[in-house]
Amino acid sequence: MPTTHENEPHRHRRTAESFGTDAERYDRARPRYPDALIRRITATAPGPAVLDVGCGTGIAARQLHAAGCEVLGVEPDERMADLARRLGTEVEPGTFEDWDPAGRTFDAVVAGQAWHWVDPVAGAAKAARVLRPGGVLAAFWNVHEPPPVVADAFADAFHRVAPDAPFDVRAKPSPAPLLDTAADGIRAAHAFDDPERWTYAWQWTYTRDAWLDQLPTQGALTRLPAEARSEVLEAVGAAVDTLGGSFDMRYTTVALIATARTAGAS
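The opening position of the sequence shown corresponds to residue 0 in numbering that gives the first Met the number 0, with each subsequent residue numbered one higher.
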């Protein structure tokens, strides 16, 4: 059975629950998910009933709803959940591990940008309990790669204002640890076929203002004091100015998909 460690994301609930400090900005600025991913999830699931774990403000939920799904969200941050409800998603409060399904089952359990906040073993076991036979667990993330000048400006400023931060923002984003940890948890549940990995590459053009609008929604900045956050944004804004005021961001959307075994399968 995989082991868990104190530095794994799901053990840092204060960061996980800090995104609601500006829920409207989060919903406005965070990137959406590729339509091809949404279509593939809906085509793979045996029906339209979807449980969205850590649904936040409902970004993925609204995309799934537009694709014909019936979506129920679970979200521990009431500020995020309230906005999701106002934007049309039904949401129940709580962490997924503690949430009571009250006998309900679903065709898909999804988590957009959220499964790393869930205990990977307990979460997979819970998903297995609420999925109908043949249902799918789909955890997916957007991984961004800014131009080096923008990434370096952010890292330099962040480490200047938060030298004791417990993570290294200089490290090149890699989805591998997220996928590996989630896959280990899914295998430990002994209730799914071996998970598949899907990958989608795309890009988005950001103006200076648009990127500075999104940056404060990232976990590295949500808990910084306002003055320190402003210093980071000023440095990043200056870097974007050197590129002419806009830049192309490369994104990779990665997904881990596992199908719940039917009765008697091994």
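All C-beta atoms in this analysis are idealised placements derived from N, C-alpha and C, irrespective of residue type, glycine included.
Asked: Compute the distance between the beta-carbons of P100 and E69, then report whether it is under 7 Å.; Found: no
Asked: My understanding is that A209 touches A156, with C-beta atoms under 8 Å, so please give their C-beta distance in whole angstroms.; Found: In fact, because the Cβ distance is near 19 Å, the residues do not count as touching under 8 Å.
Asked: Of the residues T251, T198, P224, which one's Cα is nearest the Cα of A39?; Found: As written in the sequence, residue 39 is Arg, which differs from the Ala given in the question. Of the candidates T251, T198, P224, the one whose C-alpha sits nearest the C-alpha of R39 is T198.
Asked: Could you tell me if G184 is buried or exposed, where buried requires 16 or more neighbouring beta carbons within 10 angstroms of its beta carbon?; Found: buried
Asked: With 16 as the cutoff for other CB atoms within 10 Å, does Q62 come out buried or exposed?; Found: buried
Asked: Near T3, which residues of its chain fall below 6 Å by C-beta distance, leaving aside the five closest residues on each side in sequence?; Found: In this prediction, T3 has a pLDDT of 46, which is less than 50 and means its spatial position is unreliable; nothing more can be read from the coordinates.
Asked: Can you give the Cα-Cα distance for E144 and A187, rounded to whole angstroms?; Found: 32 Å
Asked: Exposed or buried, what is A65 when buried is set at 16 or more other beta-carbons lying within 10 Å of its beta-carbon?; Found: exposed
Asked: To the nearest angstrom, report how far apart R103 and L242 are at their CA atoms.; Found: 51 Å
Asked: Quick check: T51 and G67, are their CB atoms within less than 7 Å of each other?; Found: Here residue 51 turns out to be Asp, not Thr, going by the sequence shown. Not in contact: D51 and G67 (Cβ atoms no closer than 7 Å).
Asked: List the DSSP bridge partners of V109.; Found: D51, A137
Asked: Taking the alpha-carbon positions, what's the G128 to A200 distance?; Found: One point to set straight first is that residue 128 is Arg, not Gly, in the sequence displayed. Taking the straight line from one Cα to the other gives about 32 Å.
Asked: At which residue ranges does the stretch 185–217 contain complete beta strand (DSSP E) runs of 3 or more residues, listed in the order of the chain?; Found: 195–206
Asked: Distance check for V135 and T43, CA to CA, integer angstroms please.; Found: 7 Å
Asked: In chain order, which beta strand (DSSP E) runs of at least 3 residues are fully inside the stretch 56–137?; Found: 69–74, 89–92, 105–111
Asked: Go ahead and pull the three-state DSSP assignment for T266.; Found: Nothing about residue 266 can be read from this structure; the chain reaches only from 0 to 265.
Asked: How big is the Cα-Cα spacing for D81 and L36?; Found: 26 Å
Asked: In terms of DSSP beta bridges, what is S292 paired with?; Found: For the chain, the structure presents residues 0 to 265; residue 292 sits outside this window and is missing.
Asked: Classify T142 as helix, strand or coil using the three-state DSSP reduction.; Found: The sequence as given places Val at residue 142; Thr does not occur at that position. DSSP places V142 in strand when its eight states are reduced to three.
Asked: What three-state label does DSSP hand V168 in the structure shown?; Found: coil
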